[in-house]
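Read through the structure below, which is laid out as structure tokens, and then see the notes.
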Amino acid sequence: MTSSRRPLSRGSLAALLASAVAVLPWSTASAQPAVRAEAGSVRNTSLGLAPSDAAFYGSTMRLGVTYERFVQSKAFARLQELDTVKQLTEEFLKEWNDPTSDFAQAKAVFDDPETRETLAFLGDMASHEMWSYGDMKHADLVELGAAVQLTMREAQFQMQMDQANGNEPNPMVIVNALIKALDENRAKIVVPNSITGFKVADAKRASEQLAKLDALIAQSVQGNPTLQPAYNKKQIGGTEFLVMDLKGNMVPWQIAGFFLQGIDFVAFNRVVGQLSQLELTIALGVKDDHVLVLVGESDKYLGTLGTDDSLMDRKEFAALRAKDGAAFTTVNYVSEAYRKRVYNPADQMAAFQQAAESMLPQAPLNDDLKQEILKDLGDFSKWAKEQVPTPGATLSFEYETDRGYEGFSYDWSENEMLDGSQPLPLVNHVGGNPIGFFVLRTNYDPAEYDMMVFAMKKAHGYVETYLMGELDEAERAKYQEVMKLVTPHLARLDKTTREKLLPASKDSQAAIVLDMKASSRQWFTEMPPAQKPLPMPELAFVYGVSDSELLRSAWDDYFDVGQKLLNDLHEFSPMEIEKMTIPTADAAEVEGGMLYKHSLPTNTGVDDRIAPVAGLGKNVAVWGYVPDQASRVLKSTPLATDGGPLANLDRNLAGAAAFNFAAFVDGVEPWIEYGVAQYFASQAVSTEGDFVQFEEPTMDEVIGQVRATAEVLKCFRGYSSVTYLEDEATVTHFDYHFEDLE
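In this text, residue positions in the sequence shown follow the numbering used here: the first is 1099, and each later residue adds one.
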């Protein structure tokens, strides 16, 4: 059998090589000896410049060091040894150095010394630290955007109702809705202030590049009566900046009004008046070893940069200050004041209620039903607001370690959900060494079930009221008979849930477990057998149990209710509903509890190691589809760890998680090899068209490259984390583990 892969077309190869050409100079620029490898004090970073009243702040550091570490690694060397990479590199160099190729003009640009100097400057900007912060006026714009979105949604609904009623939709409804939203929120039409910075190793080169930019800007605005006076060079805080001062009245806003017939011109003019008063300043300069870009209402913020109280000294940064000297890679912060305005679910709930109250009168429902929905919506909204925690500040930071990267995230929002008052014994019921798991303990709150039942009953009542008006007399009678039959069963389900399931689940621990230990060469009879075993992805849902006997009784009740409901429905309509019997599970005692398996019919052709399964132990319950995994989970097995956040699991925790990426790759790789084998078995040689012909690899060569790539991917060993409560914060300690090839 002759096999091949389809060669790349000249067009697709050109696109690939063009991308490579664009990336290579940046990479070369960033991999320069001047990269600062030392960590130093975090106070010497932009955290020493950002003011304490910043609404938000973000910083990425040491990208140059990270890049150098990667290109000098054995993993990168292994990638370069791949046949495909070598072949593409050879084709790239051949095309790149051919003066008649499509890349000749691009090569001339990149070979130009000024271009290389500019790219080196950009690489320097990206290598050390990139940061930004903004003020609270950003919250004004976010709130304005939310108000506009809400009003536009109402207008779209109105147009849909008009169309449904046979009326011609009026597009000016959307335009006027936009004008209305802007008019009602004119105070939030503002210019927010933000500063973005880039730490550089060569400040002289940065100044030279800005001088070139100055010449380009001056040339482009020359002769423009609007922009030329707006562009200047200013001394701000002892540093020269390129500054463009723009005013809202430079824009001919009123021209738009001449093209819009049927708008609310009074509201439109108020919006235009607000826009015309705006002032926007864009400034660019080099201060010490930072390239700074300001976008805001004034350049005054540049003059006070680093002179006000530092963001670093806020109380939220205590944990970061304790790590001073670490090789930080990222720092992100959002203030409490900003989150209360931007991320407040209570305000979002109020906006939802407002939208519903605005749109509901137009819905095709009778007035009594509309009034009932509005009343219930108000009650639900009030309850929901009481349940929503108050937003607080957030801080996260990450730094390099011998294992890779470690970090912490802090959230000072009011915690109403997580319970971190005790350890998490459920981590001993994830199978010992799974590929991945996530365990969480929440606060036990049966009132949530009450609200869910309340909402379901209300929704059913709305539907029932609507149906009664749509069905004829015979249909209404049949519906009422069915509900009379079903209602007692629903009542029993509710009683079982309240009296058995909820009390049995007070432990409130839950977990999701991923594994791939079961393997087969042929999981389904219709799939061609594989050359080597294929691991089956195994997913299980695990729950902590407070009373196993009560939970077992609840299960029995649910099955009994289900069977009796089926029997009653069959008796009600034997011609339409067949008599069905819920199959009895096969019970087996295993270490840790009992397994209840429902074997699949043999005619499905599925391996008998796959079957819906439930397990119940003294303190744990599990649901899944691989009985072997359920058996492992029921058994209490200490979690295997290699250090990191999971090293101490005896303390009080609210959550724990891990993902073994290397093991996941080991599980996926055989399936990729299987796919490659099936592809080669099904493909014929194709050499038609204008193709760049490559020497066709054999199946063994492709599989060899798959395995080599998998080895490189496994340099990322995995992720782990724990979540706990500390003082008034919810804290997550996380770890990304990397290891180079041997």
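Note that CB positions come from ideal geometry on N, CA and C, so glycine has one too.
Select from T1700, E1573 and E1546 the residue whose C-alpha is nearest the C-alpha of E1514. When T1700, E1573 and E1546 are compared, the shortest CA-CA separation from E1514 is found for E1546.
One or two residues paired with S1157 in a DSSP bridge: DSSP lists W1229 and V1429 as partners of S1157.
Return the chain-ordered list of same chain residues with a C-beta closer than 6 Å to the C-beta of D1281, the five sequence neighbours on each side being excluded. A1365, R1368 and V1369
Who pairs with L1382 in a beta bridge, going by DSSP? L1340 and V1391
DSSP bridge partner residues for W1721 (one or two, in chain order): Per DSSP, F1639 and A1712.
CA-to-CA distance, Y1777 to A1472, given in whole angstroms: Sequence inspection shows Leu at residue 1472; the Ala mentioned does not correspond to that position. For L1472 and Y1777, the distance between alpha carbons rounds to 59 Å.
Can you name the start and end residues of the beta strand (DSSP E) that F1506 belongs to? G1502 to D1509
Burial state of V1820 (16 or more Cβ within 10 Å): By the Cβ neighbour-count rule, V1820 is buried, with 16 or more other Cβ atoms within 10 Å of its own.
Can you list, in chain order, the residues of its chain with a C-beta nearer than 8 Å to that of V1580? Leave out the 5 residues immediately preceding and following it. F1670
Nearest CA to the CA of L1378: which residue from V1384, F1415, W1351 and A1328? A1328
Where does H1558 fall in DSSP's three states? helix
Inter-residue spacing [alpha-carbon to alpha-carbon] between A1857 and G1530: Lying outside 1099 to 1840, the shown extent of the chain, residue 1857 is not represented and no answer is given.
Given a threshold of 16 other Cβ atoms within 10 Å of its Cβ, counted over all protein chains shown, does S1258 qualify as buried or as exposed? According to the sequence displayed, residue 1258 carries Gln and not Ser. It counts as exposed.
Find the nearest neighbour of A1224 within the set M1159, P1197, N1263 and V1246, judged by alpha-carbon distance. The candidate whose alpha carbon is nearest that of A1224 is M1159.
Would you report the Cα separation of E1826 and E1767, rounded to the nearest angstrom? 44 Å
Could you check whether Y1431 and F1208 sit closer than 9 Å to each other, using their CB atoms as the reference points? no
Buried or exposed for R1539, please, with buried defined as at least 16 other CB atoms from any protein chain shown within 10 angstroms of its CB. buried
Run of the beta strand (DSSP E) containing A1686, from where it starts to where it stops: D1684 to V1688
Going by C-alpha distance, which of P1601, L1663, L1839 and G1264 is nearest T1585? L1663
Please give the ranges of any beta strand (DSSP E) in the segment 1272 to 1315, keeping only runs that are unbroken, at least 3 residues long and fully inside the region. 1292 to 1297
Run through the DSSP bridge pairs and tell me what K1438 is partnered with. Its beta-bridge partners do not exist; DSSP assigns none.
Could you work out which residue in V1829, G1816 and L1418 is closest to A1756 when comparing CA atoms only? The residue with the shortest Cα to Cα distance from A1756 is G1816.
Residue(s) in a DSSP beta bridge with R1539: Q1607
Report the rounded CA-to-CA distance for G1713 versus G1559, giving the unit in angstroms. 37 Å
My assumption, with CB atoms under 8 Å, is that F1759 sits in contact with F1832. Please give the rounded CB distance. Contact flag wrong, Cβ pair sits at about 14 Å.
Confirm, please, whether the CB-CB distance from T1623 to L1180 is below 9 Å. Cβ atoms of L1180 and T1623: not closer than 9 Å.
Rounded to whole angstroms, how far is the Cβ of V1393 from the Cβ of I1380, which I believe are closer than 8 Å? 6 Å
Give every residue of the same chain whose Cβ lies closer than 7 Å to the Cβ of A1416, excluding the five residues on either side of it in the sequence, and list them in chain order. Cβ within range, chain order: n/a, list empty.
Which whole-angstrom value is the C-beta distance of A1237 and V1440, which I expect to be below 8 Å? 5 Å
Contacts around A1135, its chain only, beta-carbon distance under 6 Å, and the 5 residues preceding and following it disregarded: In this prediction, A1135 has a pLDDT of 42, which is less than 50 and means its spatial position is unreliable; what the coordinates show is noted afterwards. The answer, listed in chain order, is V1163.
Compute the beta-carbon to beta-carbon distance between V1849 and K1695, rounded to the nearest angstrom, for a pair I have assumed lies under 8 Å. With the chain covering only 1099 through 1840, there is no way to say anything about residue 1849.
For G1421, which of helix, strand or coil comes out of DSSP? In the sequence under discussion, the amino acid at residue 1421 is Lys, which differs from the Gly named in the question. Coil at K1421, not helix or strand.
Could you tell me which residues DSSP pairs with T1492 in its beta bridges? In the DSSP output, where bridge partners are listed per residue, T1492 has V1432 and D1509.
Give the C-beta separation of T1294 and V1391 to the nearest angstrom, bearing in mind that I take them to be a contact with Cβ-Cβ under 8 Å. 5 Å
With 16 other Cβ atoms within 10 Å as the buried cut-off, status of H1835: buried
Where does V1349 fall in DSSP's three states? The answer is coil: DSSP assigns V1349 none of H, G, I, E or B.
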